[in-house]
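Trainee:
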Amino acid sequence: MNAKNAALLKESLEKQNVTLVAVSKTKPNEMIQELYNEGFRIFGENRAQELVEKYESLPKDIKWHMIGNLQKNKVKYIAPFVTLIHSVSSLSLLQTINKEAFKHDRKIDILLQLKIAEEDTKSGLSKADVRDIIQDLNSGAYSSINIVGFMGMATFTDDMDQVRGEFQQLISSAQSIVNNSNLKIDNPIYSMGMSGDYKVAIEEGSNMVRIGSLLFGSR
Ligand SMILES: *Cc1c(COP(=O)(O)O)cnc(C)c1O
90 MNAKNAALLK
100 ESLEKQNVTL
110 VAVSKTKPNE
120 MIQELYNEGF
130 RIFGENRAQE
140 LVEKYESLPK
150 DIKWHMIGNL
160 QKNKVKYIAP
170 FVTLIHSVSS
180 LSLLQTINKE
190 AFKHDRKIDI
200 LLQLKIAEED
210 TKSGLSKADV
220 RDIIQDLNSG
230 AYSSINIVGF
240 MGMATFTDDM
250 DQVRGEFQQL
260 ISSAQSIVNN
270 SNLKIDNPIY
280 SMGMSGDYKV
290 AIEEGSNMVR
300 IGSLLFGSR
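Take any residue in the sequence shown, count from 1 to its spot, add 89: that is its number in this note's numbering.
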């Protein structure tokens, strides 16, 4: 869609209290700048290297979100500037982010990525992982990260009933985590929904959608 229509989509989502993350992976700086000129400030990328390159060459008031699988040895490159890491899918990754944030004297906001899809290729924390994390949190570990919510990816399928069920599962798992731990999150972020399923995600309680191809065209 063109930049004007993208801005209209962003506004209509904002009216529903849903934050739109414009997923700009593989897309050139010029296309990002075009949306920036229409008021977009939040962009998401799934590769650390690309994120750093774009951060360096685009306006500094952009809030960069890491949304994809993140290797531990790449955390140090994005730690100085990343605004939100959606894809925290292992305890060891969380520990690395905490360490790198401390080195850079900042606190990094993160989402716990929960496994909801059937597909093995979609990663995410299991219930046991989450229990371990909460135990560590209760003992005061991880002073350099803020857990601000949850992220999930539904199975890639046309079966919207299945997708809806997986989103419902994310919300209920997240709520049970919060209810059964000392984890205090005011207004948790629920990052769920992409180009093909964001409407269903919002119906099920998403307040942050990650949209790429609908905004920028297919990759
Ligand atoms: C690429 C990507 C998206 C955006 O997908 P579209 O279908 O292009 O909207 C959202 N979330 C994650 C984690 C991604 O990697």
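Even glycine gets a Cβ: it sits at the ideal position worked out from N, Cα and C.
Cα separation between residue 57 and residue 229?
Mentor: The question about residue 57 has no answer here: the residues shown for the chain are numbered 90 through 308.
Trainee: So the alpha helix (DSSP H) residue 136 belongs to, where does it begin and stop?
Mentor: No alpha helix (DSSP H) contains residue 136, which DSSP labels as neither H nor E.
Trainee: On the DSSP bridge list, what partners appear for residue 201?
Mentor: 177 and 239.
Trainee: If you run the structure through DSSP and keep just helix, strand and coil, what is residue 109?
Mentor: Residue 109 falls in the strand class under three-state DSSP.
Trainee: Report whether the distance from the Cβ of residue 303 to the nearest heavy atom of ligand 1 is below 7 Å.
Mentor: Because some heavy atom of ligand 1 lies under 7 Å away, the Cβ of residue 303 counts as near it: yes.
Trainee: Does the beta-carbon distance from residue 350 to residue 114 come in below 8 Å?
Mentor: Nothing about residue 350 can be reported from this structure: the residues present for the chain run from 90 to 308 only.
Trainee: Classify residue 308: buried if its beta carbon has 16 or more other beta carbons within 10 angstroms, exposed otherwise.
Mentor: Residue 308 comes out exposed.
Trainee: Counting along the chain, where does the beta strand (DSSP E) carrying residue 299 start and finish?
Mentor: 297-300 is the span of the beta strand (DSSP E), which, as asked, contains residue 299.
Trainee: Would you mind stating whether residue 281 and residue 245 have Cβ atoms separated by less than 8 Å?
Mentor: No.
Trainee: Quick check on residue 214: does DSSP put it in helix, strand or coil?
Mentor: In this structure, residue 214 counts as strand in the three-state DSSP scheme.
Trainee: For residue 154, which beta-bridge partners are listed by DSSP?
Mentor: Bridge partners of residue 154: 133 and 173.
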